[in-house]
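Working notes, structure below.
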Amino acid sequence: MGTLTAFGKYVILIFRVFSKPEKTKIYLKQTIREIENLGVNSIGIVIIISIFIGAVITLQTRYNLESSWIPLYLIGLTARDTILLEFSSTMVGLILAGKVGSNIASEIGHMRITEQIDALEMMGVNSASYLILPKIIAAMVFNPFLTIISMLVGIFGGWLAAIITGAVTSADYIYGIQYWFEPFYITYALVKTVVYAFIITSVSAYYGYFVKGGALEVGRASTKGVVYSCILILMFDVILTQLMLA
Amino acid sequence: MIEVKNVYKSFGKELVLTDISVAFDQGKTNLIIGRSGSGKTVLLKAIVGLHGIDTGAIYFDGRDFIKMTEIQKQDLRKEMGMLFQGSALFDSLTVQENIIFPLEMYTNMSYEEKLERVNSCLKMVELEKVNHLYPAELSGGMKKRVGIARAIVQFPQYLFCDEPNSGLDPMTALVIDNLISKITHDMNITTIINTHDMNSVMEIGEKVVFIHEGFKCWEGTRNGVLSSDDKHLNDFVFASNLAKKIKNLK
Ligand SMILES: Nc1ncnc2c1ncn2[C@@H]1O[C@H](COP(=O)(O)OP(=O)(O)OP(=O)(O)O)[C@@H](O)[C@H]1O
Ligand SMILES: [Mg+2]
């Protein structure tokens, strides 16, 4: 029952968010601001994590193939497919849920408890749309770039690990990452990324927007926003995989 | 003029406003007074629609607010200005950006015109050289004044102030009271002020409404406040020892 009420409230909020904006120019400005705040500021963390995970995937695959008859260039292929299929979309999505989701929920929650949202409403502004729409659009537009950056950097990280440790030769690795390349995997990853971007921004905004109480509740809302975003991301991972790859 | 008719408001099972009916006059400073927790903020927020009400009616110069659609309410709110109990300035924006905000949203004025309007509002609240400060860099009284400047920047027809001088020293409180009173008379608007400060009542209370535990107990003018025989109002007005002594002197 509680879940159903919450879902109803969420849907109503989303309808308010997508009602006609008052002044397109201001919304555009806000969106650009959010692209910087939510997107560009996440490039660093995405690069660091991708380079290490790419390296680890390569080393682990090499370890699993120890003294087997399987050709070593398959290590490159495995690293590539793991990164394209799952890591750069879903893992990066989960990491962004933690970073961006908590940021959004606490920002909007703070505005709620300090009556800033009431102040917007009193100016005749649709506060849901003004505060949330630019964040959703910014993430849906920019996160695919983060995913592509993550793919490139991850595959590069694997190569780096391969040649530093001597696990695979550079030639084998590069042959492997080109072998039997399926471009549809990228489409699949980008579709997932866009869906995740919507989930992260809208779910955490929902928890921030309906905060009641004080600073403690804002903290709780931000935790909830992150946790539910993560669960939904994993659920949609299964759903979209079944729809697109099966 | 704002008319409130038989308004009830509850949160869950707790009834916070009971059968409130009152009219607030144009061109006057209308005060809502009462003890902490008596329902002043809830009443003010119910009037402007930030809290939905259970039953009752609210008219802004004859326009039925409760029957309006969300869009119509949004439009009517553009005629209102509100100062919140905690100022509610946008803390990611500077003072100037805070005040200019409604103008950017709803007017097609040039940047110079907007800036001029902002500066004239800041001058009205006796603030200067604060344009580029952030709310966190202001004192409580300065925040209230910026809040007032933001509330009046669009020449509202209706001005709402929730505890405009709580937490201020008596002199600054007086300055703010007189400022609101002056704006009300100069612009001939309908102003409603929540307060529990007896100094404000005596200074600017052209019309005074006393709320006690969600009931309207009394209404009148500032002169009537002292001579009323409503028990709750007397308890409120003559709460301090000083006030009791003055009353006994009379
Ligand atoms: N959002 C809310 N949910 C539930 N109860 C509320 C809510 N807001 C106010 N109340 C209750 O309504 C009553 C009146 O509160 P209100 O804020 O109007 O008091 P007030 O007269 O403004 O007091 P103060 O002078 O301290 O600001 C209180 O008992 C309060 O607990
Ligand atoms: Mg109050």
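As they're listed, the protein sequences go chains U and P.
For the first sequence, our numbering assigns the number 63 to the initial residue and increments by one for each residue that follows.
For the second sequence, our numbering assigns the number 137 to the initial residue and increments by one for each residue that follows.
The beta carbon of each residue, even a glycine, is placed where N, CA and C say it ideally should be.
Excluding sequence positions up to five away, which residues of its chain have a Cβ less than 7 angstroms from the Cβ of residue i?
i: A117 of chain U; result: G219, G220, L222, A223
i: P206 of chain U; result: L252, T255, V256
i: V280 of chain U; result: S168, G171, H172, I175, V273
i: Y192 of chain U; result: L182
i: F260 of chain U; result: I198, M202
i: F196 of chain P; result: I138, L212, Y294
i: D200 of chain P; result: A193
i: I109 of chain U; result: I211, V215
i: G160 of chain U; result: V288
i: Y237 of chain U; result: Y135, G138
Out of the options, state which residue places its alpha-carbon closest to the alpha-carbon of residue i.
i: L192 of chain P; options: P:I202, P:L186, P:G185; result: The sequence given here has Gly at residue 192 of chain P, not Leu. Cα-wise, what sits closest to G192 of chain P is P:I202.
i: L180 of chain P; options: P:S157, P:G163, P:G198, P:R253; result: P:S157
i: I105 of chain U; options: U:L208, U:S164, U:T86, U:L121; result: U:L208
i: I137 of chain U; options: U:T152, U:T120, U:M153; result: U:T120
i: Y268 of chain U; options: U:N165, U:L139, U:M185, U:V187; result: U:N165
i: L186 of chain P; options: U:V73, U:V108, U:T65, U:Q178; result: U:Q178
i: T205 of chain P; options: U:T227, U:G186, U:Y241, U:G276; result: U:G186
i: Y247 of chain P; options: P:K259, P:E233, P:L258, P:T320; result: P:E233
i: F226 of chain P; options: P:K279, P:F147, P:L385; result: P:K279
i: A272 of chain P; options: P:F374, P:W354, P:C257, P:L229; result: P:L229
i: S189 of chain U; options: P:V361, P:I168, P:Q210, P:G356; result: P:Q210
i: D234 of chain U; options: U:S284, U:R142, U:M297, U:V73; result: U:R142
Once you ignore the five residues that flank residue i on each side, which residues in its own chain have a CB closer than 6 angstroms to its CB?
i: L100 of chain U; result: V162, A200, A201
i: N142 of chain P; result: D155, S157, G192
i: T152 of chain U; result: D299
i: I189 of chain P; result: V143, K145, A182
i: Q92 of chain U; result: P196
i: E339 of chain P; result: D313
i: T320 of chain P; result: T165, T327
Can residue i be considered in contact with ligand 2, in the sense that its beta carbon sits closer than 7 angstroms to one or more heavy atoms?
i: T320 of chain P; result: no
i: T144 of chain U; result: no
i: D333 of chain P; result: no
i: N301 of chain P; result: no
i: N330 of chain P; result: yes
i: D298 of chain P; result: yes
Report whether the distance from the Cβ of residue i to the nearest heavy atom of ligand 1 is below 7 angstroms.
i: E100 of chain P; result: Outside the displayed range of chain P (137 to 386) lies residue 100 of chain P, so it cannot be described from this structure.
i: K176 of chain P; result: yes
i: H348 of chain P; result: no
i: S172 of chain P; result: yes
i: V361 of chain P; result: no
i: V152 of chain P; result: yes
i: F147 of chain P; result: yes
Starting from residue i, trace the alpha helix (DSSP H) in both directions and tell me its first and last residue.
i: E273 of chain P; result: Looking at the DSSP string, E273 of chain P is not in any alpha helix (DSSP H), and its letter there is neither H nor E.
i: Y72 of chain U; result: 64-79
i: W221 of chain U; result: 189-227
i: L315 of chain P; result: 306-323
i: K381 of chain P; result: 377-385
i: H172 of chain U; result: 164-175
i: I139 of chain U; result: Going by the sequence as given, residue 139 of chain U is Leu instead of Ile. Its alpha helix (DSSP H) spans residues 135-144.
i: N370 of chain P; result: 367-373
i: V254 of chain P; result: 247-260
i: D161 of chain P; result: Premise fails: D161 of chain P is in no alpha helix (DSSP H) and is neither H nor E.
Can you name the start and end residues of the beta strand (DSSP E) that residue i belongs to?
i: T93 of chain U; result: Not the beta strand (DSSP E): T93 of chain U falls in the alpha helix (DSSP H), residues 86-96.
i: D190 of chain P; result: Segment: none, D190 of chain P is in no beta strand (DSSP E) and carries neither H nor E.
i: M218 of chain P; result: 216-219
i: N166 of chain P; result: 165-169
i: R140 of chain P; result: For the sequence presented, residue 140 of chain P should be read as Val rather than Arg. Its beta strand (DSSP E) spans residues 138-147.
i: F351 of chain P; result: 351-356
i: F346 of chain P; result: 343-348
i: D298 of chain P; result: 294-298
Looking only at its chain, what residues have a beta carbon closer than 8 angstroms to the beta carbon of residue i, apart from the 5 residues adjacent to it on each side?
i: N335 of chain P; result: P306, A309, L310, D313
i: L294 of chain U; result: I261, V265
i: I97 of chain U; result: A200, V203, F204
i: S172 of chain P; result: H332
i: K71 of chain U; result: Y268, F272
With respect to 7 angstroms, is the separation between the Cβ of residue i and the closest non-hydrogen atom of ligand 4 below this value?
i: Q221 of chain P; result: Among the ligands present in this structure, namely ligand 1 and ligand 2, ligand 4 is not found.
- prompt: Would you call the region 293-306 of chain P and the region 322-336 of chain P touching, i.e. three or more CB-CB distances under 8 angstroms?
  reply: Touching, per the Cβ criterion.
Three-pair Cβ contact test at 8 angstroms for the region 288-301 of chain U versus the region 152-171 of chain P: No: fewer than three Cβ pairs fall under 8 angstroms.
message: Would you call the region 240-248 of chain P in contact with the region 335-352 of chain P, where contact means no fewer than 3 C-beta pairs closer than 8 angstroms?
response: Using a Cβ-Cβ distance cut-off of 8 angstroms, the region 240-248 of chain P and the region 335-352 of chain P are not in contact, since fewer than three pairs of beta carbons, one from each stretch, lie closer than that value.
- prompt: Would you call the region 279-290 of chain P and the region 212-220 of chain P in contact, with 3 or more CB pairs under 8 angstroms?
  reply: Proximity of the region 279-290 of chain P to the region 212-220 of chain P meets the contact definition, three or more beta-carbon pairs being nearer than 8 angstroms.
message: Could you check whether the region 297-309 of chain P touches the region 252-271 of chain P, counting it as contact only if at least three pairs of C-beta atoms, one from each stretch, sit closer than 8 angstroms?
response: Under the three-pair Cβ rule at 8 angstroms, the region 297-309 of chain P does not count as touching the region 252-271 of chain P.
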